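Asker: Numbering (numbering that gives the first Met the number 0), first residue to last: 0 to 280.
The beta carbon of each residue, even a glycine, is placed where N, CA and C say it ideally should be.
Note that the structure is predicted; figures quoted are calculated from it, not measured.
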Amino acid sequence: MSKVYEMIYLPTAQCNCRCAHCGLNFDTVDDNEKSCAEVADAIIKSKYINSNVVVQICGGEPFLRNDIAGFVIPLLKTFESCYVSITTNGISTSNIANFADSIPPNLRSRVGFAISIDGIGETHNQIRKYKNAYNLAIQTTKIVASRGFKLHINTVIHEENIDQLKEMKRLFSNIPISFIPICTDVSCDENFPYSDGAIQAFFSYLNNHPFFIKYICSKGHMSPPTDVTQGRKISLSCRMGILSPATLVLRTSRIQIVITWAISAIVDSIMYGKTATNTEL
Ligand SMILES: C[S@@+](CC[C@H](N)C(=O)[O-])C[C@H]1O[C@@H](n2cnc3c(N)ncnc32)[C@H](O)[C@@H]1O
Ligand code: SF4
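1) Can you find the residues in the same chain that come closer than 6 Å, C-beta to C-beta, to residue 51, ignoring five residues on each side of it along the sequence?
2) Under 8 Å by Cβ, that's how I've got residue 92 and residue 142 pegged, so tell me the actual separation to the nearest angstrom.
3) Beta carbon of residue 115: closer than 7 Å to some heavy atom of ligand 2?
4) Which of the three DSSP states, helix, strand or coil, is assigned to residue 153?
5) Given a cut-off of 8 Å on the beta-carbon distance, is the pair residue 118 and residue 126 in contact?
6) Looking at ligand 2, does it come within less than 7 Å of residue 35, judged from the CB to the closest heavy atom?
7) Just list the beta strand (DSSP E) runs in the region 42 to 121, keeping only unbroken ones of 3 residues or longer that don't cross its boundaries, in chain order.
8) Along the chain, where does the alpha helix (DSSP H) containing residue 137 start, and where does it finish?
9) What three-state label does DSSP hand residue 158 in the structure shown?
10) Within the same chain, show all residues whose beta-carbon is closer than 7 Å to that of residue 163, passing over the 5 residues directly before and after it, in chain order.
11) Quick one: grab the DSSP three-state call for residue 129.
12) Taking three-plus beta-carbon pairs below 8 Å as touching, is the region 129 to 149 in contact with the region 33 to 48?
13) For residue 198, which beta-bridge partners are listed by DSSP?
14) Measuring only the C-alpha atoms, how far is residue 58 from residue 71?
15) How is residue 193 classed by DSSP in three states: helix, strand or coil?
16) Is it right to say residue 101 is buried, meaning 16 or more other beta carbons lie within 10 angstroms of its own, or is it exposed?
17) Can you tell me where the alpha helix (DSSP H) holding residue 164 begins and where it ends?
18) Do you know offhand how far residue 2's Cα is from residue 83's?
19) Determine the contact status of residue 19 and residue 88, defining contact as a CB-CB distance below 8 Å.
20) Alpha carbon to alpha carbon, how far is residue 233 from residue 108?
Listed below in structure tokens is the structure:
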């Protein structure tokens, strides 16, 4: 069996925002979420993880929890070439600052942040449905950059922010960080979110995103590659279908999505001890 070289860890399904583009099911909150340290421990005990594993922490909003370091530090110390990236809305500024300070300086080059900013000022606040989200996210980007972490900005393109992309690119180049606009990719047919004029206005920002170019050019009718789906139907709202085969998706309470059905047994084992105990992995 090939080893896992890429993982997505969703420490929580809870979120303080209600973004217009987000497909998160806010009813999935589970009070019995496992601690980050418990999940790290299960992964560390597994013999199926590559030492250069890339781990993406996403959610929900990961920094609604204050034990993310309990996941990240043990992994970085155990897997010597492991890289961890964390996507956050940047609203929990002080929690993120505490997290950043707790990472030993010699490990920071292996931790990256993607902070989601969907427009300037009120545009961002309205898309994210959170008052003051923009100011907090900007404050967070400055803190993260000043602590020596890799950093980029994730922007979901909406009709409302297209005319701000140029200014955002300029703004963020001053910090400096990379600015990566992406499209929302959940709809086709009558729900396809972009007009032809809008596409013309933002198309040049998609240079490095073959997936999004394909999505836009097909107006939402693309399907994930068949070698990944193995003939199974994956809905467009399932963006995981584009990831690599040996990807493990973990959630603290329930399994969210398993990319490669062949490794679902590992996920079951780690999370529920169904087919093997954690120590057997
Ligand atoms: C699901 S969020 C989780 C992390 C965190 N709450 C945040 O907003 O950064 C991860 C990233 O996916 C983006 N995202 C959510 N729904 C999307 C969609 N339909 N299309 C494209 N990106 C989306 C978010 O804007 C965010 O940058
Ligand atoms: S902050 Fe992230 S998880 Fe929360 S609603 Fe927005 S995109 Fe979804």
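Answerer: Quick answer:
1) 80
2) 7 Å
3) yes
4) strand
5) yes
6) no
7) 48 to 56, 82 to 87 and 110 to 115
8) 132 to 145
9) coil
10) 118, 119 and 122
11) coil
12) no
13) The partner list for residue 198 (beta bridge, DSSP) is empty, contrary to what the question assumes.
14) 15 Å
15) coil
16) exposed
17) 164 to 172
18) 17 Å
19) no
20) Confidence at residue 233 is low in this model, with a pLDDT of 39, below 50, so the placement of that residue should be treated as unreliable; the coordinate-derived value is given next. Cα to Cα, the separation comes out at about 35 Å.
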